[in-house]
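Below: the structure, in structure tokens.
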Amino acid sequence: MGRYTLRRLLQLVPVFLGTTLIIYYLVWGLSDDPFAGKCGQRECPAPYVATMTARLNLDDPVIVQWLKYLGGLLTGDFGRTFSGNEVSDLIANAAPVSFRLALVAVVVEIVIGITAGLVSGLRGRGYVDSLILVSTLFLISLPVFVTGLVVKQVLGVELGWIRTSVPPDPTILDLFVPGLVLGSLSMAFVARLTRTSLMENSRADFVRTAVAKGLSRRRVVLAHMLRTSLIPVVTFIGTDLGALMGGAVVTEGVFNIRGLGGLVFTGIQRQEQTQVVGVVALLVIIYLVVNLIVDLLYAVLDPRIRYD
Amino acid sequence: MTDTLRQEPSLAGHDEGAVVSPEAESGLWSDAWKQLRRRPLFIISGVVIIVLLVMALFPSLFTSVDPTFQVLDRSGEAPNASSWFGRDLFGRDVYARAIYGAGPSLAVGLLASLGTVVVGSLAGLTMGYFRGLTDSVLSRIGEIFAGIPFVLGGIVILTSLNKPGEIVGSTRLIVQVVLTIVLLSWPLAMRIMRAAALASSQQDYVKAARALGAGPLRIMFRHMLPNCLAPVLVYGTIQLGVFIGAEATLSYLGIGLKDPVVSWGVMISEVQARIIQMPHALFFPAAFLVVTVLAFVMMGDALRDALDPRGR
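Top line first, the protein sequences correspond to chains A and B.
As numbered in my numbering, residues 41 to 348 make up the first sequence, in order.
As numbered in my numbering, residues 25 to 336 make up the second sequence, in order.
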């Protein structure tokens, strides 16, 4: 287990380097004058240009800039934006909001998705099963921004049940509806994955053995079938969690939530390259680490899987 | 949905060892076709897709109104007898725009899905055949692109390609959106193809072909590819729908297709600030979008049931 973890950790390094290099090159390497339009209608004052050029190493080739930036990242320095904000402060403000939103979405996915999958997988062919299959298919086809706009319009404007704009420091309750919207697509995937996986496992030898041992149905289903059936589901939720943290740009935009996705979006609009690169680098780290944890969880879920 | 009666499909010829002959290969596809013909899911989605294709190729069959013609004093008009779906902020006919929007939306979906499947399959086949170092290196490269969150990656790539405020032609915009989607999505298709290729490269028919002196290219494309194609095709069909949604999302954010081009995402993006005054201008393009995505996802689902003997 230890050696496996170490090997996986080492594999993360080139992936992290590659991703940040691509993002860094796209954001810095392709813009020919980073100071264009930064100081309103006139040219930026020479001392400002000189300070920023020195601080961001703009005179170096992009690859050297990137290496120096990585050096800063290792010491926890995310750099500063053109307007003088510490990127780490911006992240510290936005990350908790994004995290809460992702948490709501994942809880929704797990609770509703797995329950729906369990019900339809165990009942087998019938009314409930068809209903769940049709409704998940429908959810999969709905782009998040359509769901978001419609939910905001109906629940927020017409019924007045929720606020159309989430307050600056939202609680879990404020984020419930946005989280539901954000998690709806993945919830449908989780339900379908659980269902398929349960159906495949229901005829497995270990389930027959468990039944033959005289275990109660509840125990057979929960301790034997569900546990092993959850592997593809956990894999999916793991990959999804990383995507939810930053991929919530659309949901954050619709409900006016100030999270990490919004930070990247405004960073792009205001051409704050350091902000964009910093947030994306952080999101990539989160994504990679969550995936590693998921891989290690396999052995917990399925006793047949052993590392080394 | 999947509870319709169906025949036991036979995958005869697949596990039988010997070099795959054309008859054995067509066994899978003709079985699948026999089964698909009787599934309402497949028929409904097939009809919807055909209608959409006709709409995309010959929009003038459905409407004679110019989708860019503005009648400003009829701005935001609700659905009525002369304009069935109402009019948008600039007084353009929403029905005509929804019809004309099918073209760019489908084009992006089709090209992106094709690109993803081709790039992913080539990479996956190479990895499954050569294994070892090639496999590890390509896996890491795939992870690099899979690690970038889709929407964020799309925002970064598409904004870096065009200078702010730059006016870009519609063909170039479509190509850029397609390439962005392919760049960020090919690793998924690669993983699916790789898994199938790894399994098939151990089969007797591959060993037999190698023993007969077939080169890597011949083994990969003549022997492995036909046997690994089904799961990637299913994925490609489902993704076609998903990519149409992705194009709409990017356009909604203002970084995908833009105004002279009419697509459902562009229409939704234009109306988002005025949903309260003109909900019809949101509803109709959104409905077209959802029905289209649904049709492709359903088609993919039906294909998977027909091509994959497990999961029943």
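For each residue, glycine too, the CB sits at the ideal point set by N, CA and C.
Item: Range covered by the alpha helix (DSSP H) that runs through M323(B); Value: 303-331
Item: CB contact below 8 Å: F246(A) versus chain B; Value: no
Item: C-beta neighbour in chain B for F122(A), strict 8 Å; Value: no
Item: Span separating the alpha-carbon of P128(B) from that of S225(B); Value: 39 Å
Item: Close beta carbons around T92(B), own chain, < 7 Å, minus the five adjacent residues each side; Value: R116
Item: Proximal residues of chain A, C-beta to C-beta of G269(B) below 7 Å; Value: P183
Item: Beta-carbon separation (whole angstroms), V174(A) vs A310(B), contact threshold 8 Å; Value: That belief does not hold up - the Cβ atoms of V174(A) and A310(B) are roughly 19 Å apart, past 8 Å.
Item: Under the three-state DSSP convention, the category D342(A) falls into; Value: coil
Item: T183(B): contacting residues in chain A (beta-carbon distance under 7 Å); Value: I308
Item: The region 158-172 of chain B / the region 49-60 of chain A touching (three or more Cβ pairs under 8 Å); Value: yes
Item: Contact set for I152(A): own chain, Cβ-Cβ below 6 Å, skip 5 residues either direction; Value: M227
Item: The region 228-238 of chain A / the region 156-169 of chain A touching (three or more Cβ pairs under 8 Å); Value: yes
Item: Cβ pair count under 8 Å reaching 3, the region 279-299 of chain A against the region 310-328 of chain A; Value: yes
Item: Counted within 10 angstroms of its Cβ, other Cβ atoms place M41(A) as buried (16 or more) or exposed; Value: exposed
Item: G307(A) classed as buried or exposed, judged by whether at least 16 other C-beta atoms fall within 10 angstroms; Value: buried
Item: Contact list for L189(A) against chain B, beta-carbon separation under 7 Å; Value: Q296, I299, L306
Item: In chain order, each alpha helix (DSSP H) run of at least 4 residues that lies wholly inside the region 241-311 of chain A; Value: 245-252, 267-287, 289-294, 300-309
Item: contact_flag[the region 62-71 of chain A, the region 297-313 of chain A] where n(CB pairs < 8 Å) is 3 or more; Value: yes
Item: Closest residue to I243(B) among P255(B), C252(B), V230(B) (Cα-Cα distance); Value: V230(B)
Item: N- and C-terminal bounds of the alpha helix (DSSP H) containing P85(A); Value: Careful: P85(A) lies outside any alpha helix (DSSP H) and carries neither H nor E.
Item: Status (buried if at least 16 other CB within 10 Å, exposed otherwise) for A272(B); Value: buried
Item: Short CB-CB distance (under 8 Å) between T59(A) and chain B; Value: yes
Item: Supposed contact pair E292(A) and G301(A) - C-beta distance, whole angstroms, cut 8 Å; Value: 5 Å
Item: Whole-angstrom distance between S123(A) and T158(B), CA atom to CA atom; Value: 45 Å
Item: Cα-Cα separation, D27(B) to P218(A); Value: Residue placement at D27(B) is flagged as unreliable, the pLDDT there being 39, under the threshold of 50; a coordinate-derived value is accordingly withheld.
Item: Three-way DSSP call (helix, strand, coil) for D228(B) in this model; Value: helix
Item: Neighbour flag for V338(B) against chain A, beta carbons, 8 Å; Value: Any answer about residue 338(B) is impossible in this case: the structure gives chain B only from 25 up to 336.
Item: CB-CB length for L189(A) against Q301(B), believed under 8 Å; Value: L189(A) to Q301(B), Cβ: 14 Å. No contact.
Item: contact_flag[the region 321-329 of chain B, the region 255-263 of chain B] where n(CB pairs < 8 Å) is 3 or more; Value: yes
Item: Per DSSP, cross-strand counterpart(s) of D117(B); Value: R111(B)
Item: Per-residue DSSP class, three states only, for E167(B); Value: helix
Item: Assigned secondary structure, R120(A) (DSSP; H/G/I helix, E/B strand, else coil); Value: strand
Item: Of the residues L236(B), G269(B), L85(B), N104(B), the one placed nearest P183(A), counting alpha carbons only; Value: G269(B)
Item: Outcome for F82(B) when other beta-carbon atoms lying within 10 angstroms are tallied against a minimum of 16; Value: exposed
Item: Whole-angstrom distance between N133(A) and L110(A), CA atom to CA atom; Value: 22 Å
Item: Within chain A, the residues that E167(B) reaches when beta carbons sit closer than 7 Å; Value: V55
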